[in-house]
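Going by our numbering, the letters in the sequence shown line up with residues 3 to 299, in that order.
Each residue gets a CB set at the ideal place from its N, CA and C atoms; glycine is no exception.
Report on the following structure.
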Amino acid sequence: MHRRQYLATTALLTVPLAGCAHPSNVLDMQEATPDRLAAETSRSISPESDAHAILQEVVENGSATAAGISRPIDTDEPVAFQGRYYDVSATEIGRRDRTSYDIRVDYDPDETASAEANDSIAYADLPDVDKTALDGVIPPQDDPPQNDGFDMGTRYVYPETETDASVLVPTQQYEFIEYQGTTYRVQLESETVEEVTYRYEMTEIAPSTAAYAERIRSEFLFPLSGLSSAEQEIVEEAIDSGYFDGATDAFRSVISRLRAHRGLETSDSYGTWLPEYEGTAYITYAEFPSDITPAGE
């Protein structure tokens, strides 16, 4: 299940921002339309991804095999695929060792390429397999970091049938790569990793978004009723704009009521539930003190 999008966005930051502390108490309620509910509780697959090709093969042939040093498709959530919803299973059918390369790039090297040593190559002259391996680090993103030593890194497992075409592995022939008038220093280090092969299968659980959302509603929806006036104020603020304030008695009571029910995703300090308030279902995300216990305990 997914935490609220505005929280997921903060996780992408690589350095802390002064004065941007995240509130410790949150209650955010959004109407649970079928599209929102499906997006909250299932995984979408990009049509350009390897996972999409794997699932397409499963649909056409009943199963598909795929290998990787990490699982090619996560199976912890239902998958939305071509308008239908599926549970996906992965059965391990084999393991083997592969060579992975840790690729590090220095965007402002103290050293420079030596013409005599012939240790520099233009990016345009690299084999396609090496360009693929360097994707994300060369060409650099806008305003790349320029610290002492290596600045960015990535990890790549070269296809076994393409290493002969590479000028970077298994023996690194060039230390410097020139791109649009700038020279970068590159270092590759190999390590042995374990590649796992999986057989994927799919079971359809809903033929449409509406049917899938109704399935989720039938499993997780519960009434949020009998609230005090103070609790109603908290809930209505959460619906209107989101509640980001103190852990008042009313806030704690609302959280306690939510925690008494099965949630879409829960922990001892945050969670997502599907309550119905005054006839409308809401996807309800909360963060709260861990000492708040479920109502009735």
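- When Ser26, Asp153 and Gln32 are compared, the shortest CA-CA separation from Thr286 is found for Gln32.
- Taking 7 Å as the cut-off, the beta carbon of Arg97 is found closer than this to the beta carbon of Val198.
- When the beta-carbon positions are compared, Val256 and Glu233 come within less than 7 Å of each other.
- Under the criterion of beta carbons closer than 8 Å, Ile95 and Arg201 qualify as touching, at roughly 5 Å.
- For Val107, the enclosing beta strand (DSSP E) starts and ends at Arg86 to Asp108.
- In the three-state DSSP reduction, Phe253 falls in the helix class (H, G or I).
- Per the C-alpha coordinates, the member of Pro146, Glu177 and Phe222 positioned closest to Glu191 is Glu177.
- Distance check between Val81 and each of Glu206, Leu266 and Ala69 places Glu206 closest, using alpha-carbon atoms only.
- Nearest C-alpha to Asp89 among Pro141, Ala208 and Glu62: Ala208.
- Excluding sequence positions up to five before and after Ile140, its CB lies within less than 7 Å of the CB of Val107, Tyr125, Ile179, Tyr181 and Tyr186, all in the same chain and listed in chain order.
- For the 7 Å CB-CB criterion, Phe224 and Leu266 do not form a contact.
- Ser51 is positioned such that its CB atom lies no closer than 7 Å to that of Glu203.
- Rounded to the nearest angstrom, the Cβ distance from Ala40 to Tyr214 is 5 Å, consistent with a contact under 8 Å.
- Around the beta carbon of Glu62, a 10 Å sphere encloses fewer than 16 other beta carbons of the protein chains shown; the residue is thus reported as exposed.
- Inclusion of Ala249 and Ile236 in the CB contact set at 7 Å is not warranted, their separation being larger than that value.
- Minimum Cα-Cα distance from Ile56 among the listed residues Ser46, Ser48 and Thr67 corresponds to Thr67.
- Apart from the 5 residues on each side of it in sequence, Pro291 sits with its Cβ closer than 6 Å to the Cβ of Ala249 in its chain, given in chain order.
- For secondary structure counted as the beta strand (DSSP E) over 3 or more consecutive residues, the stretch 227 to 279 holds these complete runs in sequence order: 272 to 275 and 277 to 279.
- Looking at the DSSP output, Val81 sits in a beta bridge with Arg45 and Tyr88.
- Leu226 and Tyr160 have their alpha carbons spaced roughly 54 Å apart.
- Between Ile218 and Thr93, the C-beta gap is not smaller than 7 Å, which leaves the two residues out of contact.
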